[in-house]
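Quick note, my numbering runs 24 ahead of the 1-based positions in the sequence shown.
Structure first, commentary second.
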Amino acid sequence: MPQAAFNPIPPILTAQNPNWYILGAGAIGCLNAGRLSSSGCNVTLLMRKGTLQTSLPIIIDRDGTRTTQRLPVVTPDNCKPISHLLITTKAYDVHDAVASIGHLLRKNSTAVLMVNGMGIAEQLRKDWPHLHFYLSTTTEGAYSIAPQHIQHTGQGETRIGRQGQNAPPPWFHQWSRAIDSCFWDDNIESALWAKLAVNCVINPLTALHNCSNGELGQRQELTEHVATLCNEVSNITHAAGFEQIAAALPQRVASVIAGTARNRSSMLQDVEGGRRTEIDYITGFLLRVADQFGIDAPYNRALIQDIKNNAH
Ligand SMILES: NC(=O)c1ccc[n+]([C@@H]2O[C@H](COP(=O)([O-])OP(=O)(O)OC[C@H]3O[C@@H](n4cnc5c(N)ncnc54)[C@H](OP(=O)(O)O)[C@@H]3O)[C@@H](O)[C@H]2O)c1
25 MPQAAFNPIP
35 PILTAQNPNW
45 YILGAGAIGC
55 LNAGRLSSSG
65 CNVTLLMRKG
75 TLQTSLPIII
85 DRDGTRTTQR
95 LPVVTPDNCK
105 PISHLLITTK
115 AYDVHDAVAS
125 IGHLLRKNST
135 AVLMVNGMGI
145 AEQLRKDWPH
155 LHFYLSTTTE
165 GAYSIAPQHI
175 QHTGQGETRI
185 GRQGQNAPPP
195 WFHQWSRAID
205 SCFWDDNIES
215 ALWAKLAVNC
225 VINPLTALHN
235 CSNGELGQRQ
245 ELTEHVATLC
255 NEVSNITHAA
265 GFEQIAAALP
275 QRVASVIAGT
285 ARNRSSMLQD
295 VEGGRRTEID
305 YITGFLLRVA
315 DQFGIDAPYN
325 RALIQDIKNN
335 AH
């Protein structure tokens, strides 16, 4: 396989180019660590307590080409104070992971949350109210072949934003250069809801029926489930104030099903691999909103139970 090695000279730290600590050096964390580093950003992997290495090679395979770069590694025990943090753990690990480095965070430290699902930022804001949280959603595709060895399967789009902030922060310029199709989104909550609503329909159904995304549009019993679920998710989305997303949901779901017909959803892959799913932050979040507005959501309630019974 052709190899490309990047070992950039460490750049000078500035507000435009601070040191980014990556909390969650899995598929998405390594993918972005590699890209940020190769474009000249300062990047350090923040590994679990007990990790002995002081640097690690990050290997990214894409379309038959391999990129390798060595990045510094620290742990919560030997890390300096953190001004800029990228969080890329699974949703259910975020709180404990941030707690493990809580002593290193400073007033006004920046944290970018690049994690699927919703409700996580609210939990974090309660415990770390002084942090500047940015939210992100990505349609990139990557999986780990081995620790810190990533297969990049699909080029996607990454959106970053912060509620109430129209203009991007100084560091965003570097990110938009480093990461292909990385956009500042001054309505990130809507982007997250739009993704959540689609995920609420496609992820649990594919996981439960052990099928590809495309089968949801082909098998009649599944198309009926999709329609029922769209209706319920749409009602809750509307009540939460995202009327346009609610109205467009059936069409959007149909378009994602057609456009990703051969994909197997991340939730299906987690169930197949015997791993915990992120459903508490997808359907679980939706149900918490439904409760808030007094909306009955029997179909979603049954689905979350079924996934938990089947998968755990
Ligand atoms: N992969 C994709 O294609 C993709 C696409 C879009 C969105 N996403 C979303 O992105 C998020 C990350 O997904 P992923 O696929 O990158 O997951 P992943 O490969 O499982 O990576 C998560 C990483 O977080 C680490 N971690 C967990 N707790 C930690 C702690 N306390 N301290 C340090 N590291 C910790 C894990 O380490 P251990 O292995 O030691 O637990 C693991 O390396 C998820 O919300 C996912 O849904 C993923």
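Each residue gets a CB set at the ideal place from its N, CA and C atoms; glycine is no exception.
Other residues of its chain near residue i: CB distance less than 8 Å, five sequence neighbours each side excluded
i      : result
HIS336 : Low per-residue confidence applies at HIS336: pLDDT is 44, beneath 50, and the placement is therefore not dependable, though the value from the model is reported in the following sentence. Cβ within range, chain order: ARG300.
GLN189 : ASP210
LEU273 : ALA221, VAL222, VAL225, CYS254, VAL257, SER258 and THR261
GLY318 : none
GLN316 : none
ASP101 : LYS73
LEU137 : ILE111, VAL118, ILE144, ALA145, LEU148, PHE157, TYR158, LEU159 and SER160
ALA121 : LEU47, GLY48, ILE111 and THR113
Residue i classed as buried or exposed, judged by whether at least 16 other C-beta atoms fall within 10 angstroms
i      : result
TYR167 : exposed
GLN187 : exposed
LYS73  : exposed
PHE157 : buried
GLN179 : exposed
LEU292 : buried
GLU164 : buried
ALA234 : Inspection of the sequence shows that residue 234 is occupied by Asn rather than by Ala. Answer is exposed; the Cβ neighbour count stays below 16.
SER61  : buried
GLN77  : exposed
ALA145 : buried
LYS150 : exposed
ALA36  : The question names Ala, but residue 36 is Ile in the sequence shown. It counts as exposed.
ALA123 : exposed
ALA191 : exposed
GLN198 : buried
Whole-angstrom C-beta distance between residue j and residue i, which should lie under 8 Å
i      : j      : result
LEU327 : LEU232 : 7 Å
TYR45  : HIS108 : 7 Å
ASN237 : ASN287 : 5 Å
GLY141 : ARG312 : No, GLY141 and ARG312 are not in contact; Cβ-Cβ is about 12 Å, not under 8 Å.
SER160 : THR182 : 6 Å
SER289 : THR230 : 4 Å
ALA170 : ARG59  : About 19 Å; that fails the 8 Å criterion.
VAL277 : VAL250 : 6 Å
PRO153 : ARG130 : Not confirmed; about 13 Å, so no contact.
ASN227 : ILE306 : 6 Å
GLN172 : CYS54  : 6 Å
Own chain residues within Cβ distance below 6 Å of residue i, not counting five before or after
i      : result
LEU155 : SER133 and ALA135
ASP85  : GLN175
ILE281 : ASN237, LEU240 and GLY241
PRO96  : THR68 and SER79
CYS103 : LEU128
Same chain only: Cβ atoms within 7 Å of residue i, ignoring 5 sequence neighbours per side
i      : result
ALA270 : SER258, THR261 and HIS262
GLY297 : none
GLY308 : ILE328
PRO194 : ALA39 and GLN40
GLN147 : HIS119
ILE331 : PRO228, ALA231, LEU232, THR301 and ILE303
VAL98  : THR68 and LEU70
SER337 : Nothing about residue 337 can be reported from this structure: the residues present for the chain run from 25 to 336 only.
ALA285 : SER236, ASN237 and GLY238
Residue i Cβ short of 7 Å to ligand 2 heavy atom set
i      : result
LYS114 : Looking at this structure, you won't find ligand 2 anywhere; what it does contain is ligand 1.
Inset, instruction - Return the chain-ordered ranges of every beta strand (DSSP E) run that is complete within the stretch 200-283 and spans a minimum of 3 residues. - result: 206-208
Legend entry - Segment contact flag, the stretch 40-50 with the stretch 104-117, C-beta cutoff 8 Å, min 3 pairs: yes
Inset, instruction - Report yes or no: do the stretch 301-310 and the stretch 198-218 share at least 3 C-beta pairs separated by less than 8 Å? - result: no
Inset, instruction - Starting from the N-terminal side, write out each stretch of the alpha helix (DSSP H) that is 4 residues or longer and does not extend beyond the stretch 121-170. - result: 144-151
Legend entry - Any beta strand (DSSP E) of 3 or more consecutive residues that is wholly inside the stretch 64-96: 66-70 and 79-86
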